[in-house]
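*Asks:* Please read through the structure below; I'll follow up with questions.
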Amino acid sequence: MQISNEKVAAIHYTLTDNNGTVLDSSAGKDPLYYLHGFGNLIPGMEEGLEGKSVGDQFEIKVSPEKGYGLRNDAAIQQVPISAFGGADVRVGSQFQAGNEHGQYIVTVTEVNADMVTVDANHPLAGVELNFKVEVIEVREATSDEIAHGHVHGPHGAH
Ligand code: ZN
573 MQISNEKVAA
583 IHYTLTDNNG
593 TVLDSSAGKD
603 PLYYLHGFGN
613 LIPGMEEGLE
623 GKSVGDQFEI
633 KVSPEKGYGL
643 RNDAAIQQVP
653 ISAFGGADVR
663 VGSQFQAGNE
673 HGQYIVTVTE
683 VNADMVTVDA
693 NHPLAGVELN
703 FKVEVIEVRE
713 ATSDEIAHGH
723 VHGPHGAH
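Residue numbers for the sequence shown follow our numbering, beginning at 573 and rising by one.
Laid out in structure tokens, this is it:
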């Protein structure tokens with residue numbers, strides 16, 4: 573069976589940047605189960621997985637446009653340190669922020685005496701992603717999974 577829309581696939585993956593630094597991996601953990609064709613993975617991953625079968629091992633190179641997007645300079649802002657209410661603010665700290673478009677995570681990139689620079693870009697925005705993938709399982713999705721748009725069962729959302 574090949575991976576296509578309305579199939580559930582399980583994959584093992586290792587994600588590296590162009591320097592070979594491992595950013596994420598399923599090695600030593602359960603494989604990642606997902607419902608194909610519902611936007612549960614970044615578009616470049618779904619494109620690269622389309623048509624693959626159990627046992628296939630391959631690499632997928634994903635551009636930022638088909639990954640976590642391009643970096644947006646407008647997402648970098650300066651905020652008075654007083655806005656953090658005495659929280660421990662240091663470079664690399666992450667905070668939840670919100671506006672009329674919903675909740676998002678910001679990462680602190682610079683701390684001065686009274687101003688903090690925060691970046692709301694996804695940490696992998698603008699990064700070319702290199703996935704090494706092995707397909708572990710492919711099965712038909714259930715009608716409930718298709719209705720909900722995600723995987724059920726021991727590795728799923730419920
Ligand atoms: Zn569900």
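Ideal Cβ positions, reconstructed from N, Cα and C, are used throughout, including at glycine.
Whose C-beta lies closer than 6 Å to the C-beta of G721 among residues of the same chain, with five residues either side of it excluded?
*Replies:* Excluding sequence neighbours, G721 sits near F610.
*Asks:* Where are the beta strand (DSSP E) runs, 3 residues long or more, that stay fully inside the region 612–659, in chain order?
*Replies:* As far as the region 612–659 is concerned, its whole beta strand (DSSP E) runs of at least 3 residues are 629–634, 648–652.
*Asks:* What's the C-alpha gap between R662 and N577?
*Replies:* So the two alpha carbons sit approximately 44 Å from each other.
*Asks:* Who does G721 pair with in a DSSP beta bridge?
*Replies:* Answer by DSSP bridge pairing: none, since G721 is not bridged.
*Asks:* Return helix, strand or coil for D589, following the three-state DSSP convention.
*Replies:* Residue state, collapsed to three classes: coil.
*Asks:* Return helix, strand or coil for S598, following the three-state DSSP convention.
*Replies:* Of the three classes helix, strand and coil, the one that applies to S598 here is coil, per DSSP.
*Asks:* Run the proximity test for H724: is its beta-carbon closer than 7 Å to any non-hydrogen atom belonging to the ligand ZN?
*Replies:* Checking the Cβ of H724 against the ligand ZN gives yes.
*Asks:* Do G641 and A697 come within 8 Å of each other at the CB atom, strictly closer than that value?
*Replies:* Yes, these two residues count as a Cβ contact at 8 Å.
*Asks:* Assuming F703 contacts Y585 under a Cβ cut-off of 8 Å, what Cβ separation, rounded to an integer in Å, is found between them?
*Replies:* That pair is a contact at about 5 Å.
*Asks:* Look at I648 and T689 and say whether their C-beta atoms are less than 8 Å apart.
*Replies:* Yes, Cβ-Cβ distance for I648 and T689 is below 8 Å.
*Asks:* Beta carbon of A713: closer than 7 Å to some heavy atom of the ligand ZN?
*Replies:* Checking every heavy atom of the ligand ZN against the Cβ of A713, none is found closer than 7 Å.
*Asks:* Roughly how many angstroms separate the alpha carbons of K633 and L701, rounded to a whole number?
*Replies:* One C-alpha to the other measures close to 6 Å.
*Asks:* When the Cα of G657 is compared with those of Q675, P726, N590, D686, which residue comes out closest?
*Replies:* The candidate whose alpha carbon is nearest that of G657 is D686.
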